[in-house]
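Those protein sequences? They're chains A and B, same order as listed.
So for the first sequence, our numbering puts the first residue at 3; every next one is plus one.
So for the second sequence, our numbering puts the first residue at 1378; every next one is plus one.
Ideal Cβ positions, reconstructed from N, Cα and C, are used throughout, including at glycine.
These notes are about the structure you will find just below.
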Amino acid sequence: MTESRTFTDMEQIICATSRLMEEDRLYFVAIAGPPLVAVLLAKRLRTPEIAYVVEDGTIAPSVQLPAPPFLIAASAASYRAVAWTSMNTVSFHAALGYIDYGVLAAVQVDEYGNFNSTFVGPQYERPARRFGGPGGANEIASLCWRTILMTRQQGRKFVRKLDFMSSPGFLDGSPGARERAGLPADTGPWRVVTEMAVFDFDDESHRMRLRAIAPWVTVDDVLAEMEFEPLIAPSLETISLPTDEELAALRAEVDPSGRTIRGRWITVEEEDGHVRLVQQDAPTDGA
Amino acid sequence: MNVLAAGAGVFKPPDPDGLRRHVRDNKERRLVSKVMSEREAVERFVHDGDYLVYDCNTWVRGPSSLLREVIRQRRRDLWIGAKFTAHDATLLVAAGCVSRIDVGWMEAGRVIQEAMCNEQLQLVEWSNGALTYRLLAGALGVPFLPLRYLGGTDVFRASGAKLVDDPYTGQPICVVPALNPDVALLHVHQADEFGNARIFGAGIAPVEAAMASRRVILSTEEIIPSEAIRRQPQRTSIPYYMVDAVVHAPFGCYPGSMPGLYGADVAHLMEFGGAQAQGTMDQYLDKWVHSVSSHEEMLEQRVGTNKLDELRAQETIREGYYE
């Protein structure tokens, strides 16, 4: 039986990320956008007992769903938290080692998991496009034990050299590079999730390694959307498609306004376990 | 202390003794009323060339009415600390008030980008955490503090941070300079006439900002009797002696939300976004700032009571704030 399924690239990224969430762990999540939506989806469907902090100082909220259209500006976002503290307080908790995972979005990422959220273009003073800055990403990527990055799979995003390194991955990749820069020991990027792939990092070289691919793409499709060549795991996993349950929860409850989940539409057909791409929109200019 | 690496970014030089002398000579220790109009507060306490910090942002609990007054009085050459700010920085830049921004995170669109390219605006890179941590150092009265991030990144290189040998462990550690702003603008839920203030909900760094800054202007949704403060002292976020001015400003963070009281005016935020994208910020500023003489007049003539009622009704959560 043939079944077709349509979703956005961002919905695929969010669903794949939410499945990485580990029950009973503590997360530090970017206060809005894909990371928050991924964590809310995970809490809603799979791992209800994960708790998270956001940088305004809210600790372990129980967000009211369906989320209002502009969640970041609504008190629904911090509803029934265990504590309302300050930005410094939650950073201290991360510095003490309480936060297992940071979840962040990146504009550009390099092969060592360093990433950019500041600007793109040849010159800092005259940016082709200026973004908001690291926000809390620098401290989250430095202080949490593991960092999960979310971004779209595009050559201009997986770059040999970042236009600007806003937040640290493994820096130059050499052993102890983070510690030499004053960051806490044993920390660093853990996964990078795109609509086409999931990457991890080689323990020795700290280089990014392809670990899983979406069922409608090949390894070459992924490599064609990267400036640098990643390592490739000996056996690649297949990323599941977004389920009906996930898409319903995303569209009706977690992000009913569609602000975060909107993106490039992808349609696939599934038949006897085989997944075939039917059509997809061209990449957008969005960040 | 051996300096291993230093960022090239300009920073306001720490001066803890300068701050102490300012406090000694200028801060009112008596319980006197500091209630005044927004116009008087900004005239007296915000000056051209000031380093200005505010807490929260256009979306939530930001001091939007005070920022509009700063624009109305055409302050110039401000250096602002943009920790987790939203459209606030853009608005101040569009109005020509700002020449330098310490960046944590800000809404960055056409206005900021054009001001940079025209060399009217200089950015210095930090992060949200680094800026609030610098305010903490400022609030502690020390010249710097160590922290375990920034290092190794371009943010470090573009900031005023330094990497040093920790004299205790011998390990490399970043240090950042204390930030003592000239003036802080804070919007609060309740304050008495002396400036004892209550903020409900999560915050960014209102207490650090009040402690670290030379001058502090509060706008408040409500002025409550000082007796009420003394009956529940645990709820006081900021004590009176840090505060220079108390401005009564219901809906003071409009178009943002005030947790427990009213929701954000999303349509207004869209209007702002549209004005930026279309390059019509001058018209936006004229409509919402320059063509009205005060916050009160803006609410009456530009927002209207129906909209205000709607925004009040939009906020359904009082639990944790007032209950």
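Item                                                                                                                                                                              : Value
Can you find at least 3 beta carbon pairs, one from the region 186-200 of chain A and one from the region 104-121 of chain A, that sit closer than 8 Å?                           : yes
Does DSSP put Lys1539/B in a helix, a strand or coil?                                                                                                                             : strand
Name the chain A residues that come within less than 7 Å of Pro1636/B, Cβ to Cβ?                                                                                                  : Ser77
Does the separation of the CB atoms of Val1620/B and Ser1596/B fall below 8 Å?                                                                                                    : no
As an exercise, report each continuous alpha helix (DSSP H) stretch of at least 4 residues that is fully enclosed by the region 1563-1615 of chain B, in chain order.             : 1583-1589, 1603-1608
Is the CB of Val1380/B under 8 Å away from at least one CB in chain A?                                                                                                            : no
Exposed or buried, what is Gly1633/B when buried is set at 16 or more other beta-carbons lying within 10 Å of its beta-carbon?                                                    : buried
What does Gly59/A touch in chain B if you count any residue whose Cβ is under 8 Å from its own?                                                                                   : Ala1579, Gly1580, Ile1581
Rounding to the nearest angstrom, what Cα-Cα distance links Gln1497/B and Ser1476/B in this structure?                                                                            : 6 Å
Taking all protein chains shown into account, do 16 or more other C-beta atoms lie within 10 angstroms of the C-beta of Leu1540/B, making it buried, or fewer, making it exposed? : buried
So which residues of chain B does Ile74/A contact, with C-beta pairs closer than 8 Å?                                                                                             : Trp1436, Val1437
According to DSSP, is Trp147/A part of a helix, a strand, or is it coil?                                                                                                          : coil
Curious, which full-length beta strand (DSSP E) runs of at least 3 residues does the region 32-82 of chain A contain?                                                             : 53-55
Using a Cβ-Cβ cut-off of less than 7 Å, list which residues of the region 1545-1574 of chain B approach chain A; keep chain order.                                                : Pro1549, Ile1550, Cys1551
Give me, in chain order, the residues of the same chain whose beta-carbon lies closer than 8 Å to that of Tyr1526/B; leave out the 5 immediate sequence neighbours on both sides. : Ser1504, Gly1506, Ala1507, Cys1551
Taking 8 Å as the limit between beta carbons, can you name the residues of its chain near Thr269/A, skipping five residues before and five after?                                 : Ser6, Arg7, Thr8, Leu279, Val280, Gln281, Gln282
Which stretch, first to last residue, makes up the alpha helix (DSSP H) that contains Cys1494/B?                                                                                  : 1487-1494
Can you pull out the residues from the region 1482-1497 of chain B whose beta carbon lies closer than 9 Å to at least one beta carbon of chain A?                                 : Trp1482, Met1483, Glu1484, Ala1485, Gly1486, Ile1489, Gln1490, Met1493, Cys1494, Glu1496
Beta carbon of Gly175/A, beta carbon of Met228/A: below 8 Å?                                                                                                                      : no
Residues of chain A with CB closer than 8 Å to the CB of Val1641/B, please, in chain order.                                                                                       : In the sequence on display, residue 1641/B carries Ala and not Val. Going along chain A in sequence order, the residues near Ala1641/B (Cβ under 8 Å) are Phe72, Ala75, Ala76.
Which parts of the region 83-121 of chain A are runs of the beta strand (DSSP E), unbroken and 3 residues or longer, counting only runs that do not cross its ends?               : 103-107
Is the number of C-beta pairs between the region 198-209 of chain A and the region 1550-1567 of chain B that are closer than 8 Å three or more?                                   : no
Would you call the region 1675-1691 of chain B and the region 1449-1465 of chain B in contact, with 3 or more CB pairs under 8 Å?                                                 : no
Out of curiosity, what's the CA-to-CA distance linking Ala289/A and Gly35/A?                                                                                                      : Only weak support exists for where Ala289/A lies, its pLDDT of 47 falling under 50; the value from the coordinates is given anyway. Distance between the alpha carbons of Ala289/A and Gly35/A: 12 Å.
Mind checking the region 92-106 of chain A against chain B and listing, in chain order, the residues whose C-beta falls within less than 8 Å of any C-beta there?                 : Ser93, Ala97
At least one CB of chain B closer than 8 Å to the CB of Ala289/A: is that the case?                                                                                               : Because the pLDDT at Ala289/A is just 47, under 50, the model does not fix this residue reliably, and the point stays unresolved.
Alpha carbon to alpha carbon, how far is Asp1479/B from Gly1473/B? Give it in angstroms, no decimals.                                                                             : 16 Å
Spatial neighbours of Arg1445/B within its chain, please: C-beta separation below 6 Å, excluding the five flanking residues on both sides.                                        : Val1666
Output the boundary residues of the alpha helix (DSSP H) element that contains Tyr1661/B.                                                                                         : 1658-1662
Identify the contact partners of Phe166/A in chain B, using a Cβ-Cβ distance below 7 Å as the criterion.                                                                          : Asp1531
With burial defined as no fewer than 16 other Cβ atoms inside 10 Å of the residue's Cβ, what is the status of Gln1611/B: buried or exposed?                                       : exposed
Let me know the alpha helix (DSSP H) ranges lying completely inside the region 1379-1431 of chain B, each 4 residues or longer, listed in chain order.                            : 1393-1403, 1415-1422
From which residue to which residue does the alpha helix (DSSP H) around Ile15/A run?                                                                                             : 11-20
Three or more C-beta pairs closer than 8 Å, one from the region 248-267 of chain A and one from the region 65-73 of chain A: is that the case here?                               : yes
Spatial neighbours of Met3/A within its chain, please: CB distance less than 6 Å, with the 5 preceding and 5 following residues excluded, ordered by chain position.              : none
Where do the ends of the beta strand (DSSP E) carrying His1625/B lie?                                                                                                             : 1622-1625
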